[in-house]
Every structure is written in structure tokens, then in C-alpha cells.
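Student: Here you go, one structure.
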Amino acid sequence: MRSSLLLFQTMAKSFEVTELPVRSAKFIARKQWVVAGADDMFIRVYNYNTMDKVKVFEAHTDYIRCVAVHPTLPYVLSSSDDMLIKLWDWEKGWVCTQIFDGHSHYVMQVTFNPKDTNTFASASLDRTIKIWNLGSPDPNFTLDAHQKGVNCVDYFTGGDKPYLITGSDDHTAKVWDYQTKSCVQTLEGHTHNVSAVCFHPELPIIITGSEDGTVRIWHATTYRLENTLNYGLERVWAVGYMKGSRRVVIGYDEGSIMVKLGREVPVASMDNSGKIIWAKHNEIQTVNIKSVGADFEVTDGERLPLAVKELGTCDLYPQSLKHNPNGRFVVVCGDGEYIIYTALAWRNRSFGSALEFVWSSDGEYAVRESTSKVKIFSKNFQEKRSVRPTFSAEHIFGGTLLAMCSNDFICFYDWAECRLIRRIDVNVKNLYWADSGDLVAIASDTSFYILKYNRDVVTSYLDSGRPVDEQGVEDAFELLHETNERVRTGIWVGDCFIYNNSSWRLNYCVGGEVTTMFHLDRPMYLLGYLANQSRVYLIDKEFNVMGYTLLLSLIEYKTLVMRGDLERANELLPSIPKEHHNSVARFLESRGMIEDALEVATDPDYRFELAMQLGRLEVAKDIATEVQSESKWKQLGELAMSTGKLEMAEECLKHAMDLSGLLLLYSSLGDADGISKLASLAKEQGKNNVAFLCLFMLGKLEECLQLLVDSNRIPEAALMARSYLPSKVSEIVALWRKDLNKVNPKAAESLADPEEYPNLFEDWQVGLAIESKVAETRSIYPPAEEYLNCADRSHINLVEAFRNLQMEEEEPLENGDASHEVQNGEESQEEHNGEEAVVVDADSTDGAVLVNGNEAEEEWGASSLLSIVMQYLLRTICRAYSLRSLKSLINMLQCLHHVTRSHQDSRSQLYSFPTQEGGGIKRQFSFKRFLQFYSLASKLEELKAKLKVWNKEVSGNIVVRKEMTFNQLGFWDSEERGVEDLTSMACLSKFWIGKRQGLELPLSEEEIFSAWSDLNGGKAPGRIFGAFLVSSFALETAIRFCLTNCQQSGFHPFMKGNFLLKFYIPAMPSQDFVKEMKMNSFSAHCNPHFLGCEDLKFTGIIMVTFLFP
1 MRSSLLLFQT MAKSFEVTEL PVRSAKFIAR KQWVVAGADD MFIRVYNYNT MDKVKVFEAH
61 TDYIRCVAVH PTLPYVLSSS DDMLIKLWDW EKGWVCTQIF DGHSHYVMQV TFNPKDTNTF
121 ASASLDRTIK IWNLGSPDPN FTLDAHQKGV NCVDYFTGGD KPYLITGSDD HTAKVWDYQT
181 KSCVQTLEGH THNVSAVCFH PELPIIITGS EDGTVRIWHA TTYRLENTLN YGLERVWAVG
241 YMKGSRRVVI GYDEGSIMVK LGREVPVASM DNSGKIIWAK HNEIQTVNIK SVGADFEVTD
301 GERLPLAVKE LGTCDLYPQS LKHNPNGRFV VVCGDGEYII YTALAWRNRS FGSALEFVWS
361 SDGEYAVRES TSKVKIFSKN FQEKRSVRPT FSAEHIFGGT LLAMCSNDFI CFYDWAECRL
421 IRRIDVNVKN LYWADSGDLV AIASDTSFYI LKYNRDVVTS YLDSGRPVDE QGVEDAFELL
481 HETNERVRTG IWVGDCFIYN NSSWRLNYCV GGEVTTMFHL DRPMYLLGYL ANQSRVYLID
541 KEFNVMGYTL LLSLIEYKTL VMRGDLERAN ELLPSIPKEH HNSVARFLES RGMIEDALEV
601 ATDPDYRFEL AMQLGRLEVA KDIATEVQSE SKWKQLGELA MSTGKLEMAE ECLKHAMDLS
661 GLLLLYSSLG DADGISKLAS LAKEQGKNNV AFLCLFMLGK LEECLQLLVD SNRIPEAALM
721 ARSYLPSKVS EIVALWRKDL NKVNPKAAES LADPEEYPNL FEDWQVGLAI ESKVAETRSI
781 YPPAEEYLNC ADRSHINLVE AFRNLQMEEE EPLENGDASH EVQNGEESQE EHNGEEAVVV
841 DADSTDGAVL VNGNEAEEEW GASSLLSIVM QYLLRTICRA YSLRSLKSLI NMLQCLHHVT
901 RSHQDSRSQL YSFPTQEGGG IKRQFSFKRF LQFYSLASKL EELKAKLKVW NKEVSGNIVV
961 RKEMTFNQLG FWDSEERGVE DLTSMACLSK FWIGKRQGLE LPLSEEEIFS AWSDLNGGKA
1021 PGRIFGAFLV SSFALETAIR FCLTNCQQSG FHPFMKGNFL LKFYIPAMPS QDFVKEMKMN
1081 SFSAHCNPHF LGCEDLKFTG IIMVTFLFP
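The sequence shown maps to residues 1 to 1109 in the UniProt record's numbering.
Structural data, given as C-alpha cells:
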């Protein structure tokens, strides 16, 4: 089997040694080497940095069991199954300088004596331990150690005991005094061969490992079994440790693990004068912080150069050490006992058995002997009382009250009579009382709680003689604050709780406000606070002492603020150094005292933030002027703008060079001069987007165009020129071609110049004409107060307006008679609105339609129902209103609601009709547009009888007339926008297509909608259906008019084929008539201003017989 030498914790490097087992390997740290012995009888040396093989040599004639490195000399010992021990000197080329022969069986292990490195011990299966001297071939003496072979041996590293320990196949481990050559103790408990033993160098424990798979931990003084570890990894073969650490590595058949033993918190205590006492093993040492001279400049976090003095030793291994409140005595507790010493002379004053020891605030103390027994002693070390709690007391805590806690609650008792004060359900890990006795911090696994002890309430309750239940006095404690942080160690300074948390940050808490003082770079533990130095002191596990500054005046100030005593706090403020004022200001801000924080703060950035919070713009402006920070000017400018201080906002935005903000400000103010200056500034700063917007708002289109060209945005310049400056298009296209030719010559050639190809540019001449007409008005900036009067101009389409203007100028008078336009003194108004292109002779009886004063090419004959309807409608409406032309009729129809719907067909919706194939362009309906499109439709093929077949070829002709269609639409749109006199009139909300009772349709609804869909590719109503809609609206208008204005009833039949329409015209509508109209589901709401009747509803007339296929 191939073996590898591994370096743990994590496998950093691996050495391929041999295919046979490697039984021993050791570091030679001063040479950066690893030396290993294997079953192939060779010793190999490797450099663990370079991975080079330093030396390979044959060392023995049988398996090599162990190698040991001398701590100071260049020696390596090796032991083997050949029963020999050999000494190798690497400075002499790894020659064997000495052979130790004396064992009669395999030599399993050798180890040097740490107290006398000239001697070493060997363990053999011949059941003996031999002690050797370097330089002597014979052993000093032999210990007949065990009944079976000895597998391992190790020396005690402490200075007070000449001990060594051995492990054997007889399942025992034995402790020996090698001076008296006697067995001190036999450790029994393993059930198989003991294969590894060691004394821990830091802890008072002995570790033994066995082939039974367990590791047992024994107390090094009492030899009591403390713990047994079994990780189920089969047999144990090796145990290792590192000096200065509490970690132990165990090697098994199935792998290796590392365990951490004990606590790393140093056993130390500091009194109120700065004297520190700590315990290193059984040795007690002391240092005095005052010994650091005044000339030594102490830096926060720096290790103090303290002179360590030996104070004495302790008969037990210290697990805790604590001064009493006045500092005269020190108690050491451990190994189930306690000893009270005097702090100065280290003299024993009292002792006893105890698992835990705690002091009261006045010098009394209590001990926990077991989970069911606690004793209280007086200041004279006399037992006062013995308490047996009703629960299992896992811990006790001292202070103002005696506290006993179980796993999930804590009970407080008074020291005098052990009466229950209060039970609190919380899992307590530690307890810290303030010196005043009024505050207590309870630390749990995840958080800590600060409680106030109401001493007067408790005293009053107990004096009253009222019984105390199992929960104690209800109001004994009051929860002040809860903080979600784990406390490792903590102390009180006045009303300030100082602690370090699980992240090793040094914090303090005043009034629930947590402040981080320092971030610690390694685990440290609080010792105490010296008020005369304003420093808090900590210690690490190597007993290095560090100090950190914490002003007592700062703590007192915060305490006074928390108590609401602001007057005294302000008196104390001058005593706090200026460098700590920002900390004070942040504390005040957290308490909501922002005004006071602004007065105290010294940091400009922080003061600026506070001034912004308070809205103190002038203060913030002074700070921004001093600091000259663009971000601050920008923040201030935004706040000034939001508060309406526009002058300050402008100044701030200028300092911040926030050109976008300035553009928003100037455009909102209508400041043309400001925008002009901003355009120049933006050009200088290279902010072309802002510059372009400024120039565009000013109407400086030529400069906008030049800016695009200068920015190499030539395509954009071409598009802008096409939209606003047609005269510049040719120039820009030339530049575009030149630039594009560098990349894609074909694309450059495809660019068309309107001067060369005007037919490719729609309305090109119109655009040139408009440019020349509007150029003079660009530089005229009306005042902002005129905005409402000019707002509608932004929606004007100049091309359409110009085209309409041309058509109006060329339009002849209606029927060649100017008298038709002059009625009631409105001649000027009619001339302004323009003449209509299509009129109807109101006096004619043949229903002829006049177009531009001439009779149209197509007549609506008697065979067309539309002819009958249109003649009646036009005569009725025009005569009723004394209208001489369709102009006023269309104005009236203009008030109707312009319905615009989705392009999807619906059997229950009314649509406006588009002008292009497939419903591509949606337009609002009008009566004029109906007449115009009917004229176009009349040129088509003869209509089919049943609306089922549409001739696609003829329909395609409308595409040829696309330009004509656009021109006509532009004219009608301009006419409709000019009509404003009836915009407040009634409008219809909805029209519904359906079947009215008594109305017999020549076509089914399916046929109607099928033809409707076929007209425009299934997307929207077509031209002919638009004619139907307009006719419906016109007829509906006629009915309203007749119902509200006629004075007699009448019967008006319209007969054509099987279609019959009849309606009544009562002088005054009866209630039955009104009810009938209201009940009709296909109705339209009317505006009362139009009909004079608010509640009346009228039926939507459904015209279907003149739908054209």
C-alpha cells in the first residue's frame, strides 16, 4: 500500500514517500524540514517549502517505529524493530554518531526530556522504560513499567513535577516520578491497548488514546477522568498538540480530527487602581498599569510594556480569578475548590469546596457546591446561610442580588434572607451589574437586555408582609432596552455598558444607543475601566494588555441627555474635547435632537447633512461654499428648488455644473436669456444634449443642425433638416454621403437628395414654402402668461394647414352667389372659416348634389334609398335651421361624439371608418368626408345586390388614388378643426347596431358584418359603411329636431322595396311616447342643451339598405 505524508489542518502539501507504511514524521522547524521514517527502513528528509528531497538514507535493518528531533542541537533519534536507537547529526551529513543498545524487544517510541534535553526516554515491548544520556551507550536506569509491552512515553512539560507517563498493552497508562523512580498514578479505563499518551502543555490535563477508539482526558493533578471522546473512527494511533494553543489533533485508522479543549478566556482580574493579576497554569503573576510612565505615549490598541512580577503559586489549577469589590481580596476557583488570597501578599485567607464563586456588591460571597446547594458567607468568611433551590442551579451570579439560573430561566434573591425577588424566563449566559446597583445587563446566546432594578418597589413590597409567589415581585425589574448582539465580555461604567461582541467589536451602549468604539483585530477580553485615565483595558489570551480611550465626560454627557437633564449636559459639553463632538452630535441626532446636533458637530460633511435635514439652506450654503463639493451644491440646489427658492437653486446648480437642472429651471421660468447662456456653457462643457435642447427651445434650428454636424451626428442632422429645415437637406445629405462612403459606398449611393429626386419626398415644395414663411416667427418668444392662448398651436400640422390654406384661397363661392354667405351679419366669420366644397341646393327637388357649385357626375336617383333619405334629411335640417349650405349642417353634426374603436370587428360596436386599405389610418367621421368618399366609391364597379362579393381588382384602384385621398383628408381635417361654435353641444355616447322591433331588414346581420369585414380585410369598417354611419347620425339629428320643434303630428313613410321606416312627430311628446323611447335598449343619450329635454332618449336609426358591397 502506498502511503503519503500529509500536513494538516487543511492538506497544504503532500509528499510521496514510499509504498510501505510511514510510522513517524516530525518537523524540524528551524531548517524548514520534515523527517520521516518508514517500514522500508529508510529515513527521508524533505524541505516543506520547496518540496525538495534533502536526504535519503538507510537507517535500520527493520521497521522504523519513531523519530525524535532534539529541541536545540542538530540531532535526530530513531528507534526500530531491530531493538536499536540511533542518533543522527545532520550537520555531519546525517552520519550515525551513536547507537543505544539495551532493549530486548521492539523500541516503540523515544522522546527528549524538555527540562533536560541531554536525556531522553525510550519505550519498548520488553515492558520497560529506559532513561538515557546523550554520549553514554548505557541507560541511566530502567523502569519495569507494565505487565505487557509499553507503546508510548511522554514527559511532563511543567516546571514543578518530574513526571513522565507511559501507555501499555495492558490497557493502562501510568504516571512516573523519574527522580524517585516510583509510579505516581495508574490511569485505568481503556478496554484495549493504549497507543498514545501526552501531557498537555497549556492545560492541566493528560490525554490518552487507545485502540478501543476512545480518547480519555484526565485531570493532571487529581487524575480524575474529565471526559471521554469517541468519534467512531476506529483505533487511535497518535495524539498531537501545538504549544500556545488549546487545540489537539487525534489520528485514527479512518482519518484525523482536531478538537478544541477548554476556554481561551484568560484567567485574569483588574481592580479599580489598575493592578492586574492573572494565572498561568498554577503560577500567579501581577502587573500594574500605573507602572507605564507618563512619558510613554499610549496609542489605542497598542500593547502596553508592562513589567510582570511573580506573585506566587496556587495549590489548584485556576479556572476563574476575581477581585472583591474593594480590591483587597482575590478568589481563585478551580478543580471543585476555591481559595481566597490577599491581593498584595498573596496569603491564604479562606478556602472551601465550590464549583462556582461569586462576590456580592458589599463584600459577601456565595459558592455553589452542587446543582442543589448554594452557601452564602459573610465578609468575615463565616457561613451565613445554606440554600437549596427548588430547581437545578446550573450557574450563579453575584452583584446587587444573588442570581441562580437554570437552562431557561433565572431567579434573583436578596443576600440577606435569600427571599425570591423575581423570576425571569430567559436563557442566561452571563450577568453584569452596574456599580450603582440600579441597572443590570442580562446576556443570552443572541442578544442582551438592560433592565432597571426598582429597589424601592421591592423594599416596599417585602416590608408590607405580602406573600411572594413563585414569580416574585412583579415590578421588581423594568426592561429598558434589548439589543440583538451577543456579548462576550462586558463591564459597566456609570450608566454606560461597555462590551465586545461576537464580531470582536468594542462597543458601548447608553440609553439603548450602541456605538462602536473600535474594531479589534483579534479576540480580546475586557478587564476594566480607569476613570482617571479615561481608558478601557482589554487582555488577549497571550496576556497582552491593550487600552482604548473612552472619555468619562462623554459617557456622563450622554447619561444626562438620556435622563433629560439638558441643562447639566450643556454645562458638561465644554469639557469634552473637540475631536469627540461629532460622536456627541450623532448621539443627539439619534435622540431626535437635530438642532442641538448641528450646533455641536464640527465635521463639515456631517453638519451639511444636518442642515439639509433641518432645511437650514443658508447654513448649508455656507458649508458648501467652504467645502466646494459639486455633490453638495447639487443636493442643495434640489432642496432649494423643491422649497421654491429659485435664485438659490440657480446659484447652486451653477456651482454644481448641473446643466440638466439648469435647463429644467430656465425652461420652467421661461427664461430665454438663461437658456441662451446655458447653451453656450453646455457647448463649452461638451454637454451636447443639453446644448441641443437649449437651441431647439430657442428656435435656433440652424445652430441645432450645426451642432449635430459638429458632433458627427450627420444622420440625425439629415432627419432634422428634413423635418424643420428642408432647404438644408441637400447640404447635409452631401455630408452624409461623404461620411458613409468611408464605411459602405453602396449605402452612400442609395441616399437620395430631394433636389435631385423631389418625387420621392412627399410635400417637398410645401415644406420649403412653410420654412420660408415661419422663419421670421422663430425668434419671437411670447410671454409665459400667454401659454394657454398658444397651447393649441403645438398640435397644428403645418403641412396640412398650408395645403388647406391654398385650397381655401382657390375655392369659388357656393352656387356662384355671394349672397348665400351673408346672413345676420356673419359674413366675416364665414370667410374666416372657409367655404365648403360640397353643397346641396336646398330648393331643388331632384336631390342633386353640387360639388364646387356644379352638379355631381352621379345622381342619386329614385332607385336608391339613399337618395330618398338624403333628400329628406337635407331639406328638413336645412329648412328647419334656415341653412343655405351644408356648412352649417356639418357644423351641427360636428358636435356629435367622434367614436374611435379598436380595429377588431365586433357585432356590438360602432366604428369610425378609415381611408386606406385594411383600415391602416383611422380618421374621425364627418358628413363632408362621407360625401367625398361616396364620390370616390361611385366610380367603382356596379354594386352587387346582396353585399357578398367584392371585386378585388376594382377595390385596388383606391390605392392609386392614395395621394388624392390624403389631400382630401387634410382638407376635411382642417375644416373640422376650425369649427368651434358648437363644441359645447350635445354628443352621442354610443350607437348600437341591432334589430329594431317592426323593422324588416333586407339582409341578415351575418351578411351585413360579412360584407363589412370583406371591405377592409377584416380589420375595420370601410368607406361605404362610413357613409351608412353618417347617414344614421344625420337622420337621428332630424328626428331630434322634429320632436323638439314641430307643432303638429305627421306620418312620413319612406318606401323602397320591403324597407319601411315610420316615426311620429308630436307637438308635445306624450308620457307613453317618452316611456317607449326610454325602454328602447338601442338608444343614445342626448345633451339637454341640444334638445331641451334632459331625460328624453331616442332610438338610433339603423340604415342598412344602402350598404355598398
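Backbone N, C-alpha and C define an ideal beta-carbon position, used for all residues, glycine too. Bear in mind that the values here come from a model prediction, so they are computed numbers and not experimental data.
Return the CA-CA distance between residue 534 and residue 550, expressed in angstroms with no decimal places.
Tutor: Spanning the two alpha carbons is a distance of roughly 5 angstroms.
Student: Taking the continuous alpha helix (DSSP H) assigned at residue 752, which residues delimit it?
Tutor: Taken as a continuous stretch (DSSP letters only), residue 752 belongs to no alpha helix (DSSP H), as it is neither H nor E.
Student: Across the segment 789-800 and the segment 761-781, are there enough close Cβ pairs to call them in contact, namely three or more that are closer than 8 angstroms?
Tutor: Touching, per the Cβ criterion.
Student: What number of angstroms, rounded off, separates the C-alpha of residue 18 from the C-alpha of residue 542?
Tutor: Their Cα atoms are separated by approximately 41 angstroms.
Student: For residue 1117, tell me which candidate among 564, 56, 202, 650 has the shortest Cα-Cα distance.
Tutor: Because the chain spans 1 through 1109 in this model, residue 1117 falls outside it and cannot be assessed.
Student: Go through its chain and collect everything with a Cβ distance to residue 74's Cβ below 6 angstroms, but skip five positions before and after it.
Tutor: 89, 90, 91.
Student: Could you tell me the alpha carbon to alpha carbon distance between residue 726 and residue 747, rounded to whole angstroms?
Tutor: One C-alpha to the other measures close to 22 angstroms.
Student: Starting from residue 589, trace the alpha helix (DSSP H) in both directions and tell me its first and last residue.
Tutor: 581-590 is the span of the alpha helix (DSSP H), which, as asked, contains residue 589.
Student: What are the partner residues of residue 431, as DSSP defines its beta bridges?
Tutor: 442, per the DSSP bridge assignment.
Student: Go ahead and pull the three-state DSSP assignment for residue 899.
Tutor: Note that residue 899 scores a pLDDT of 32, beneath 50, so its modelled location is shaky and nothing firm can be said.
Student: In whole angstroms, give me the CA-to-CA distance for residue 593 and residue 582.
Tutor: Straight-line Cα distance between these residues: approximately 14 angstroms.
Student: Pick helix, strand or coil for residue 1121, following the three-state DSSP scheme.
Tutor: As displayed, the chain neither begins before 1 nor continues past 1109, which places residue 1121 out of reach and without an answer.
Student: Terminal residues of the continuous alpha helix (DSSP H) containing residue 417?
Tutor: Unbroken run through residue 417: none, as it is neither H nor E.
Student: Using three-state DSSP, classify residue 746 as helix, strand or coil.
Tutor: Of the three classes helix, strand and coil, the one that applies to residue 746 here is helix, per DSSP.
Student: Below 8 angstroms, how does it come out for the segment 505-512 and the segment 248-266: are there three or more Cβ pairs, yes or no?
Tutor: Counting Cβ pairs under 8 angstroms, fewer than three are found: no touch.
Student: Please report the straight-line C-alpha distance between residue 190 and residue 409, rounded to a whole angstrom.
Tutor: Roughly 39 angstroms between the two C-alpha positions.
Student: Compare the Cα-Cα distances from residue 448 to each of 566, 485, 521, 609 and report the closest residue.
Tutor: Ranking 566, 485, 521, 609 by Cα distance to residue 448 puts 485 first.
Student: Buried or exposed for residue 609, going by 16 or more other Cβ atoms inside 10 Å?
Tutor: Its Cβ being crowded by 16 or more others within 10 Å, residue 609 is buried.
Student: From residue 803 to residue 679, what does the alpha carbon distance come to, in whole angstroms?
Tutor: Whole-angstrom Cα-Cα distance: 35 angstroms.
Student: Would you give the residue range spanned by the alpha helix (DSSP H) that residue 449 belongs to?
Tutor: That residue, residue 449, is in no alpha helix (DSSP H); its beta strand (DSSP E) goes 448-453.
Student: Counting pairs of beta carbons, one from the segment 454-468 and one from the segment 495-503, are three or more of them closer than 8 angstroms?
Tutor: As far as the Cβ criterion goes, the segment 454-468 does not touch the segment 495-503, which means the pair count is below three.
Student: Suppose you measure from the CA of residue 57 to the CA of residue 32; what does that come to, to the nearest Å?
Tutor: Residue 57 and residue 32: Cα-Cα distance of roughly 19 angstroms.
Student: Which complete beta strand (DSSP E) runs does the segment 238-287 hold, if anything under 3 residues is left out?
Tutor: With a minimum length of 3 residues, the continuous beta strand (DSSP E) runs that stay inside the segment 238-287 are 247-252, 256-260, 268-270, 275-280.
Student: Three Cβ pairs or more, each shorter than 8 angstroms: is that satisfied between the segment 575-589 and the segment 335-344?
Tutor: Not touching, per the Cβ criterion.
Student: If you draw a straight line from the alpha carbon of residue 16 to that of residue 522, how long is it in whole angstroms?
Tutor: Taking the straight line joining both Cα atoms gives about 37 angstroms.
Student: Return helix, strand or coil for residue 662, following the three-state DSSP convention.
Tutor: Residue 662: helix per DSSP, three-state reduction.
Student: Suppose contacts are defined by Cβ-Cβ distances below 8 angstroms. Is residue 192 in contact with residue 166 by that definition?
Tutor: No. Outside cutoff.
Student: Just tell me which of 394, 387, 347, 611 has its CA closest to the CA of residue 355.
Tutor: The option with the nearest alpha carbon to residue 355 is 394.
Student: What is the DSSP secondary structure of residue 628, reduced to helix, strand or coil?
Tutor: Here residue 628 sits in coil by DSSP.
Student: The alpha helix (DSSP H) that contains residue 692, what's its start and end?
Tutor: Run containing residue 692: 688-697, per the alpha helix (DSSP H) assignment.
Student: So what does DSSP say about residue 35, is it helix, strand or coil?
Tutor: Three-state result, residue 35: strand.
Student: What's the call for residue 882, buried or exposed, on a 16-neighbour Cβ count within 10 Å?
Tutor: Confidence at residue 882 is low in this model, with a pLDDT of 43, below 50, so the placement of that residue should be treated as unreliable; the coordinate-derived value is given next. By the neighbour-count rule (16 or more Cβ atoms within 10 Å), residue 882 is not buried but exposed.
Student: Under a Cβ-count criterion, where at least 16 other Cβ atoms within 10 Å of its own Cβ denotes burial, should residue 318 be classed as buried or exposed?
Tutor: By the neighbour-count rule (16 or more Cβ atoms within 10 Å), residue 318 is buried.
Student: Sorted by chain position, which residues of the same chain lie with C-beta nearer than 6 angstroms to residue 512's C-beta, five sequence neighbours on each side aside?
Tutor: Hits under 6 angstroms: 481.
Student: For residue 230, which residues of its own chain have a beta-carbon under 7 angstroms away from its beta-carbon, when the five flanking residues on both sides are left out?
Tutor: Excluding sequence neighbours, residue 230 sits near 213, 214.
Student: Expressed to the nearest angstrom, what Euclidean distance is found between the alpha-carbon atoms of residue 781 and residue 639?
Tutor: Each residue's Cα considered, the two are about 30 angstroms apart.
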